[in-house]
Each structure stands twice: as structure tokens, then as C-alpha cells.
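Residue numbering for the sequence shown is 190 to 452, as defined by my numbering. Cβ coordinates follow ideal geometry from the N, Cα and C atoms, glycine included. Contents: one structure, followed by commentary.
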Amino acid sequence: MFGKSENREDYQHIERPAGGMARDLANHHLIDYHQHPRGQLIYAYSGAILVMTELGSWVVPPQRAVWVPPNMMHSMQACGNVEMRTVYVRQDHIPPELTECCVVSVPPLLRELIAAMVHIPLDYDETGRDGLLVQLLLHEIKPLKVVPLHLPMPTDVRLGKICQRILAEPSDETTVDEWSKSIGASARTIVRLFPEQTGLTYSQWKQQARLLAAIQMLATNQNVTDIALQLGYESPSAFSAMFKRAIGLTPTEYFRELFPASE
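Here is the structure:
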């Protein structure tokens, strides 16, 4: 369709500052942990992508992209059928704000620039229209100061056990006191360590885990009632209220953003 390589290695040593790649991923497709010398902007036109690093996990719906710095180990998993568009940026042309992995807002202008980027040749004319397009795209990549779709992971092994359990079973209702009896840390220690290591309290971290799980479920066409029950909410309305507080949209509105063609 695009006449360009779908192999990320073909974009790492090109002469130009940036190269755009298009690749479609089937639901649940996993791209295992890897790294590359260029920074990467990961974006999904439809569905969502779960980006995982040792620092935490990010979800990429159509209103967001994730920036992964050069040489950072990361993996990606498709949530729903995904039209992935990605831009690889040479280290000496990375905007100075992009020093670490972060979520990037994708307003209409940046969305169209990404769409155009995957069509231009890898040896584009840097002094012509394509060169100007790349310059504008790089200028428009800005990290979000508020990141509602990031789940930071603790380094403490004991907290790690709690987090892995919640990730595997987002509806888990184990209390801090109950956790203290099974992981070898007092309730006071758990309460203290969570904000120190993740920036979130235990209850905030658990809600964030549920939010990211909900987005992945929405991307696979599950209905709101089923998602609410699977995540442990008493009612769909309670789940919808949490979702709108965090994202600014109801789950139904958000679904329309995930799949614009379904409107």
C-alpha cells in the first residue's frame, strides 16, 4: 500500500533526520522487547497500542502518541486491529523536550503531518516541501505535562508483586492491610512507598491500572457494561464517571475516537 519497508531496521541508518513507517497490526499482535539508535514516535490511527518499558506502561489511543528515546528497551502490543504509524528520528534532530519516554498529544495538525510522513521517500529533499514537512512535524511533537495514560512501575520488589497482581486482575480488591500480610512489608511502608516510587497512592495506582485496562478493552470492541463488571465496578455508570473524570470523555465518546469510521 505504501511502497515502503515495514522493517524498522531499514529506518535506523538513513541519511535524513527522520523517516516514517506504516504498519498494520492484528489484535493482540506483540512486538517483543527491542531497542534502536533512533528515537521513535508511536501512533495508532485506529485501535490502541500498549507500549511497555521497564519504567512503566503507556497506552496509545488516536488522540495520543508515545515518544520512546533512542536505545530504550520497549515492546508494543496491539489492542484491537491497529493502523500503526511511526516516525524514527535521528538523535541530533530530536526536540530538546523529548529527553525521556512520554505521552504526546496528537491534535489534527500533527495527525496530518504523521499521515504525510509515511508517504514521503526516505531520501526526501531536505530543502524542498518534504524537508519543511519534517521540520514542522518535529516542531509539533510536544510532551504532555499531564499524562493520564501512563502507569509507572515501582522498583521495590514487594510493591512489584502487588502491581503485577493488579495488572493480571484489575478487579482485585485486596486492601493494603491484606497485602502487608503476604508481601513482607507493613501497611505503613506500602502506603509510604507507593507515592515515593510511582507518584501515585495505592488507590490511585489501582485506578490508573483499571483505566489502562479499560482503554485496551474498548479497543477490542467490548461493551461498557462488560468492561465495568470485569474491572470490579458496581455499575456501568460508576465506571463511566471514573473514565470521564480521567479522560474527559465518556467511554462511548472515547470509543468513537478509537474508531472514527464507526460514527
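SER246: member of the beta strand (DSSP E) spanning 245 to 249, first to last residue. By the neighbour-count criterion, in which a residue is buried when 16 or more other Cβ atoms sit within 10 angstroms of its Cβ, GLY388 is exposed. Exclusion of the five residues before and after ASN270 leaves ASP213, LEU214, ALA215, ASN216, SER235, GLY236 as the residues of its chain whose Cβ lies within less than 8 Å of its Cβ.
Residue pairing for ASP213: DSSP places it in a beta bridge opposite GLU272.
Contact check for GLN324 against VAL295 fails: the beta carbons are separated by 8 Å or more. If you look at ILE351, you'll find it in the alpha helix (DSSP H) that goes 346 to 357. Contact fails between the segment 278 to 297 and the segment 379 to 394, because fewer than three Cβ pairs, one in each stretch, are under 8 Å apart. Around PRO284, the same chain offers LEU327, ILE330 as residues with beta carbons nearer than 7 Å, after the five sequence neighbours per side are excluded. DSSP places THR387 within a helical segment (H, G or I) once states are collapsed to three.
Here DSSP, grouped into helix, strand and coil, assigns GLN411 to coil.
When VAL257, LEU302, PRO332, ILE351 are compared, the shortest CA-CA separation from GLY373 is found for ILE351. Taking a 10 Å sphere around the C-beta of LEU321, we find fewer than 16 other C-beta atoms and assign the residue as exposed. With a cutoff of 8 Å on beta-carbon distance, LEU340 and SER246 are scored as near each other. By the Cβ criterion, the segment 394 to 405 is in contact with the segment 350 to 366, since at least three pairs of Cβ atoms, one from each stretch, lie closer than 8 Å. Residue pairing by DSSP places LEU340 opposite SER246 in a beta bridge.
A straight line joining the alpha-carbon of ARG197 with that of ASN260 spans about 13 Å.
Under the DSSP assignment, GLY317 falls outside any alpha helix (DSSP H); it carries neither an H nor an E label. Counting along the chain, no beta strand (DSSP E) covers LEU298; the unbroken alpha helix (DSSP H) around it starts and ends at 297 to 306. When the five nearest sequence neighbours on each side are left out, no beta carbon in the same chain lies closer than 7 Å to the beta carbon of LEU418. Between ALA211 and VAL276, the C-beta gap is not smaller than 8 Å, which leaves the two residues out of contact. Here DSSP, grouped into helix, strand and coil, assigns LEU325 to helix.
Ranked by how close their Cα comes to the Cα of VAL257, the residues LEU299, ARG227, TRP368, LEU400 have ARG227 in first place. The shortest C-alpha to C-alpha distance from THR409 to any of MET431, ALA398, TYR443, ARG205 is the one to TYR443. Its Cα nearest to that of ARG279, the residue TYR200 stands out among MET241, TYR200, GLU243, ASP345.
GLN266 sits buried, since 16 or more C-beta atoms from the chains shown fall within 10 Å of its C-beta.
Going by C-alpha positions, GLU301 is about 15 Å away from ARG318. Judged by DSSP in its simplified three-state form, ASP199 adopts helix.
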